[in-house]
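Data first, discussion second: the structure below is written as structure tokens.
Chains as they are written, first to last, in the numbering used here: chain U, 49 to 586; chain R, 20 to 362.
Laid out in structure tokens, this is it:
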């Protein structure tokens, strides 16, 4: 700038030190890379094995891919994913808008209650629906000619009711971040309220809606339990049936690879939408003006939300409770629950511990030693997290079978599967806690004569422990509910709660399934606050 | 009697180079720190001084050059000694106290278990005036107290040298001066060797035994503070360390004539003569050849700007009296100058 002399260097203000150094603290020690490399191999080995096997099958692979059966599965899967996603977006945007931007009575409580269906695993929800409205369900026992729910509509209903909260939560967050000034400006320029909503509010919600919709799509694509209970033929169910029923298991593998390809496409789309959404403005200080619903609008809204919560929360729990109570009263065998619960607890507990151990090198490498290999490790781990569980489970089954008895159908292999599937929950929590730790603490420890490992043990891990605990708990809770990989990988006779529910539902033994189902819902509902962390990360 | 032996070198850095993403942070950086010395590494922001400290501590890898601690090479071709093996303790700008450990356990962190450890912790806490606060947690301490604990923690294992990164910049101005003097006293009493980094000239000059001035990744002059201030090696250092006016002249025959008088010099040809305001005496004189043009009054002193007959301006720092006003006629006497070749 002419006329302005540059300040002498000595007078320029020393900039504030950055929160963490712009460059690595020091090179990552060898054993850290070894640990990170082990985790990487653990995560990719089954998939590489799967790909290798399919590639080795040669011409047969193409025959299966080109078959009419595959086209049919693709059509069914696409139809279900599209329908569930569209319905979830419609419901989720509606509930978010009602609870954030209107004068709906009790909107804060509604906001929480509306996200609760997330705690019901889709297969438990499907069980509840089918045991109430299915061909051998509650209603069919009392009335003769009632329309029954199964197949496409059953799967659609179950998945929509228990996944729309993803959209609801993300859109609620986005709506709260909107600057009300933009809408006021639009009103001031002469736009009517509906026009403002269409032209100003909706475009700003697009990233959140897209992210939520893609999460729902991915969830639906990966779902195994609900579609199986509803007997609707999509990829996941076909893969499982191929695996358990046929002597030639190549089709299961080929279909898995096809399913992985679709999932990867969805994941890539999800990653693209996430970019701009990361730059949300800080929450505005001013609350937006709420739309007055009017008396009729209020009644209608309350009626719809009550109906929604009735179907998504009250009915499933009531139906399960009814089956349990009836079984107890009629002295039917409700089957055992506690041994199953203990097995679930054991497998999920070990998974939580193992995931924390595996998460540590991932977190330390990505946060403290950012580099290309570290970024590749992170991306791989998070990508596998998005893959349908049945494909990862199937890959591990084949790998285990190849490796032989001490590994095949063993509890450790099941635990490894859980770690592969849910590692990002633990790694994300570990990363978040490590980001809070001043890197100077580690340097101070080193300069006081302590080795890298001692520094980890005495400074870093103790300070990370709350995050590690949270991550372990998240993995534990998710592993408790996991179904398809558990079905494929469990040791013979190792019946967990999830397996018990599925097996009983398959055979319409609703009484036998009900106790396990209610127990599982209770366990998932306990620490609801943990879900918020998972949602932030996914 | 022969001259006393110079104390041994504790740190010897030679020709150190370090770049970050193509940007040169250290460019032929060399420095010597003698045993018992408190050396202030002074430079403007971005000159690489913190990087130099981190290379010496072992937190950055240098691309070229050597660093030796005592007689041991810790950085050199094919040599990299891990930070924990260097006997070099670092005190961070943000103190970096372990938040999950009490004061006593922070201080004990670098010591091996045993009865000696308890004694040493008590000893250094006494030294920094923190005895009695052993069981406090770091978040219960004030900024000044945290600084003392950080210092005690670094002193405890008796390292060969203590490195301090901008140690006083997190303290507010009122506290800073007092803490500086306290820290210097502690370091001197502990007979420790210290190397600290600062961008504050006054800080470097007031608490160092030796100041090393850094610019663009290298030390361009090192020496006792008064030498540097009064005998800067170049015009940049002269300006960087304090107020300076420059008079132009042409030297010949062992002297140079300037509008403020004749000064001895060995140089020949065009020169710039540095005049510090403290070396300029302004005397009221109705027949004087100079005139006061401006005056800033600070209480304990005043800065008087005068214009010489030649039109050249000079500044003078004086006590609060006499009471100068613009347009006062004055006489100017310059006591001590440094002559540089003209730039």
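C-beta atoms are modelled at their ideal positions from N, C-alpha and C, and glycine is treated no differently.
Query: Residue range of the alpha helix (DSSP H) that includes residue 352(R); Result: Counting along the chain, residue 352(R) falls outside any alpha helix (DSSP H), though it belongs to the beta strand (DSSP E) covering 348-353.
Query: Continuous alpha helix (DSSP H) stretch holding residue 266(R): start and end; Result: First-last for residue 266(R): 264-271, but that is the beta strand (DSSP E), not the alpha helix (DSSP H).
Query: Segment contact, 8 Å Cβ cut-off, at least three pairs: the segment 129-143 of chain U with the segment 209-229 of chain U; Result: yes
Query: Pair within 7 Å by beta-carbon distance, residue 153(R) and residue 173(R); Result: no
Query: Neighbour list for residue 369(R) in chain U, Cβ cutoff strictly below 8 Å; Result: For residue 369(R) there is no data in the structure shown, the boundaries of chain R being 20 and 362.
Query: Contacting residues, own chain, Cβ-Cβ under 7 Å from residue 205(U) (five flanking each side not counted); Result: 177 and 197
Query: Proximity test, Cβ basis, 7 Å: residue 157(R) and chain U; Result: no
Query: Neighbouring residues, chain R, relative to residue 79(U) (Cβ below 8 Å); Result: Residues of chain R passing the Cβ test: none, with the nearest at roughly 14 Å.
Query: For residue 245(R) and residue 56(R), the rounded distance between their alpha carbons; Result: 16 Å
Query: Residue(s) in a DSSP beta bridge with residue 417(U); Result: None; residue 417(U) has no bridge partner.
Query: Counterpart residues of residue 302(R) in DSSP-defined beta bridges; Result: 350(R)
Query: is_contact[residue 76(R), chain U] using C-beta, thresh 7 Å; Result: yes
Query: C-beta contact flag for residue 31(R) and residue 87(R) at 7 Å; Result: yes
Query: Spatially closest choice to residue 390(U) from 438(U), 92(U), 153(U) and 545(U), by CA coordinates; Result: 545(U)
Query: C-alpha distance - residue 369(U) paired with residue 105(U), whole-angstrom precision; Result: 49 Å
Query: Reduced DSSP category for residue 582(U) - H, G, I as helix; E, B as strand; rest coil; Result: Per-residue confidence for residue 582(U) stands at a pLDDT of 45, beneath the threshold of 50, marking its modelled position as unreliable; the derived number appears in the next sentence. Helix.
Query: Sequence-distant residues of the same chain with beta carbon closer than 8 Å to residue 474(U), five excluded per side; Result: 400, 403, 404, 406, 407, 516, 519, 520, 522 and 523
Query: Alpha-carbon to alpha-carbon, residue 291(R) and residue 353(R); Result: 15 Å
Query: Any C-beta of chain U under 7 Å from that of residue 115(R); Result: yes
Query: Top-ranked residue by Cα proximity to residue 251(U), from 226(U), 513(U), 265(U) and 273(U); Result: 226(U)
Query: Residue 282(R) at chain U interface by Cβ criterion, 7 Å; Result: no
Query: Where residue 214(R) falls: helix, strand or coil (DSSP); Result: strand
Query: 7 Å Cβ cut-off: residues of chain R touching residue 492(U); Result: 109, 111 and 115
Query: Sheet register partners of residue 109(R) (DSSP bridge); Result: 182(R)
Query: Per-residue contacts from residue 119(R) into chain U (C-beta, under 7 Å); Result: 510 and 511
Query: Spatial neighbours of residue 461(U) in its chain, beta-carbon cut-off 8 Å, leaving aside the 5 residues before and after; Result: 444, 448, 455 and 537
Query: Partner residues on chain R for residue 353(U), Cβ-Cβ distance less than 7 Å; Result: Here the premise fails: no neighbours, minimum Cβ distance about 45 Å.
Query: Residues of the segment 162-178 of chain R with Cβ closer than 9 Å to any Cβ of chain U, in chain order; Result: 169, 172, 173, 175, 176 and 178
Query: Spatial distance of residue 459(U) from residue 442(U) (CA atoms); Result: 16 Å
Query: Helix, strand or coil at residue 28(R) [DSSP, three-state]; Result: strand
Query: Members of the segment 127-140 of chain R near chain U, C-beta cut-off 7 Å; Result: 128 and 129
Query: Contiguous alpha helix (DSSP H) assignments of at least 4 residues, all confined to the segment 165-252 of chain U; Result: 170-181, 186-190, 199-225, 228-236 and 241-244
Query: Exposure of residue 290(U), with buried meaning 16 or more beta-carbon neighbours within 10 Å; Result: buried
Query: Residue 102(R): contacting residues in chain U (beta-carbon distance under 8 Å); Result: 74, 491, 494 and 495
Query: Local Cβ density within 10 Å of residue 308(U), reported as buried at 16 or more and exposed below that; Result: buried
Query: Length of the line joining the Cα atoms of residue 112(R) and residue 24(R); Result: 35 Å
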